[in-house]
Ligand SMILES: [Zn+2]
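Numbering (our numbering), first residue to last: 12 to 687.
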């Protein structure tokens, strides 16, 4: 039994590492985040039962460390100096000549450079001893940084243990790897959407978001931010021979840490300049922000020889891209309404070319921002995309005003439903509190159908728009009353897509409780909090009748979430909607009460359930078996491994006895699935 558990744990760890690679390194995940989290939970569960098999490099060590009160300080073995900037081709040529002079290299000879994208993130260092990740720190002032080891461990791309892909590489005694932590644009957008829903101020750009996430004292929150890393240099090392910077990057790649693919070895400065120009034009293609290029001498012996000034190394320079700005005019300011009623001002601009794309909208963040910058309709403004994905209005060209510009007044009524709007305590956002507001309803239905929630494929924004406008759907519970005949009448809905949608809706009725809780769109309750709540309450009814105190008593649930949850379920409209969901056949209980571990005894085995069990309905027992990796058969045959019998089993029991099939009573069954 014991070796089997050990094997099982090892297998799970390898599976998780495989999916980490698919997700981060190959950018091609095979499973959903939800399924991934289940694997992690399963591993945690097994490790808790068998602490003797815990290892420091287990994927579970990435999360679950306790919050800190402050970060300890770490002194850098080799200072993390800043890099000098250049802004033109001429300056790059000067750099090349300066180096040749200092190193005594003939002006006509070429120096090899490695040119890399300058990722706009946060510089960090990772310290590996005998291949194990010992600690990681921020750059700080260059000499001392913050020890953010626990937070760095949550980044799935950072190997907790260095493992060479090829045998010829040995693990160095010490290896310090330096890199840039960043947030991909899509994660940044997701994070800001969550912030908006929670009524919190949004991050201005992905760099701020990455820096903020890395400096959180609670690593469990950092884990949810999905930070990424590109490693770009080796710092201190011992027990390995390195001659070139390219060799360093090869070594890092060999050990499984991600190195940016757009790196080029250039044979001279002319090559360098061409490559920098190329990326100045192409930077918009990337899913992360870059603010320039970094040019490094390839030969490490030259690094030694040139050394550093008090501020920066002499063998490296950065080439900064020009900030992308343009002048345009504000045509109008519109107000968008989010799923929880948040009002956001957005500027419609006279279309202008910026960073290779035509820009016609800019976010104004919130109404305070509009009045602070004194942005008026008709104003000429500077818009910019520097580190931001969505263009921003930097400032108003007040000298261009002709007197017809109209100051923008924050709305006091919802532009959609005309209900009075108000500002919640300490919030920067205005909110429409009308539960019947159509604009919010559309957003809520969209949210209900997304992948992390009820995952209804084909139910996208355009279709929801039509369904609501035509009166087929008022709130998300109406989805479960849609008929094929309604759908085929809609634009762009053929017979096939209507059938598929009906099927997807039907299928979504069987989602687990946490998905449903998430889908309801309770303010401040995202997919993680939904899981926490589902863990504690077996049914939606139990959650709905929970008190503020009860909710606050749950680990990870604070007063804000508790309050919005209670308010949500007390709302009369909510109660009607939930009744409709139930009547429409939507599952409102936890599908399995046990942890979803693929139980060794159950996995791969075949089961028949018969008779009346006391603790489970037949369906529950079968779902449980399936979730643990077992298969359900309808009748007993030679292929049956186990027959689970309740009261009044009937003929199946006789058949099982005849064929020598193992028979389990309810107690045996309970013991088997308890995974101990
Ligand atoms: Zn409204």
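Here a beta-carbon is modelled for each residue, glycine too, at the ideal position from N, C-alpha and C.
Chain-order list of residues whose beta-carbon lies under 6 Å from that of residue i (same chain, five-residue window excluded)
| i | result |
| --- | --- |
| residue 96 | 329, 331 |
| residue 107 | 280 |
| residue 532 | 350, 455, 458 |
| residue 64 | 17, 20 |
| residue 376 | none |
| residue 410 | none |
| residue 156 | 85, 148, 149, 150 |
| residue 73 | 164, 165 |
Same chain, Cβ closer than 7 Å to residue i, five either side skipped, listed in chain order
| i | result |
| --- | --- |
| residue 427 | 348, 448, 449, 450 |
| residue 421 | 378, 441 |
| residue 415 | 389 |
| residue 395 | 334, 335, 336, 402, 403, 405 |
| residue 316 | 114 |
| residue 361 | 339, 340, 342 |
With 16 other Cβ atoms within 10 Å as the buried cut-off, status of residue i
| i | result |
| --- | --- |
| residue 217 | buried |
| residue 286 | buried |
| residue 183 | buried |
| residue 523 | buried |
| residue 101 | exposed |
| residue 28 | buried |
| residue 224 | buried |
| residue 189 | buried |
| residue 288 | exposed |
| residue 167 | buried |
| residue 668 | exposed |
| residue 24 | buried |
| residue 623 | exposed |
| residue 464 | buried |
| residue 671 | exposed |
| residue 559 | exposed |
| residue 489 | buried |
| residue 203 | buried |
| residue 109 | exposed |
Same chain, Cβ closer than 8 Å to residue i, five either side skipped, listed in chain order
| i | result |
| --- | --- |
| residue 581 | none |
| residue 254 | 310, 311, 312 |
| residue 111 | 117, 118, 120, 122 |
| residue 643 | 617, 618, 619, 620, 633, 636, 637 |
| residue 344 | 356, 357, 358, 359, 375, 381, 386, 388, 419 |
| residue 301 | 128, 129, 130, 131, 290, 294, 332 |
Bridge-paired residues (DSSP) for residue i
| i | result |
| --- | --- |
| residue 641 | In the DSSP output, where bridge partners are listed per residue, residue 641 has none listed. |
| residue 134 | 191 |
| residue 443 | 432 |
| residue 329 | 96, 305 |
| residue 559 | Per DSSP, none; premise fails for residue 559. |
| residue 634 | Note: residue 634 sits in no beta bridge, so no partner. |
| residue 147 | 137 |
| residue 249 | 185 |
| residue 42 | Paired residues: none, contrary to the question. |
| residue 658 | 623 |
Coarse secondary structure for residue i, derived from DSSP in three states
| i | result |
| --- | --- |
| residue 157 | strand |
| residue 80 | coil |
| residue 534 | coil |
| residue 701 | Since the first residue shown for the chain is 12 and the last is 687, residue 701 is missing from the structure and cannot be characterised. |
| residue 69 | coil |
| residue 378 | helix |
| residue 602 | coil |
| residue 570 | helix |
| residue 495 | helix |
| residue 114 | helix |
| residue 287 | helix |
| residue 273 | coil |
| residue 344 | strand |
| residue 233 | helix |
| residue 688 | Because the chain here runs from 12 to 687, residue 688 falls outside it and cannot be looked at. |
| residue 258 | helix |
| residue 240 | strand |
Exercise. Is it a yes or a no for the region 632-639 touching the region 612-623, going by three-plus beta-carbon pairs under 8 Å?
Worked result: yes
Exercise. Taking contact to mean at least 3 C-beta pairs separated by less than 8 Å, is the region 226-234 in contact with the region 159-168?
Worked result: yes
Exercise. With a cut-off of 8 Å, do at least 3 Cβ pairs link the region 36-55 to the region 79-95?
Worked result: no
Exercise. Is the region 239-248 in contact with the region 265-277, if contact means three or more CB pairs nearer than 8 Å?
Worked result: yes
Exercise. How about the region 554-568 and the region 494-511: do they share at least three Cβ pairs that are nearer than 8 Å?
Worked result: no
Exercise. Are the region 467-474 and the region 501-512 in contact at 8 Å, needing three or more beta carbon pairs?
Worked result: yes
For this session: Determine contact between the region 123-130 and the region 50-66, defined as no fewer than three beta-carbon pairs at a distance below 8 Å.
Result: no
Exercise. Listed by chain order, which residues have C-beta atoms less than 7 Å from any heavy atom of ligand 3?
Worked result: Questions concerning ligand 3 fall outside what the structure shown contains, since the ligands it does hold are ligand 1.
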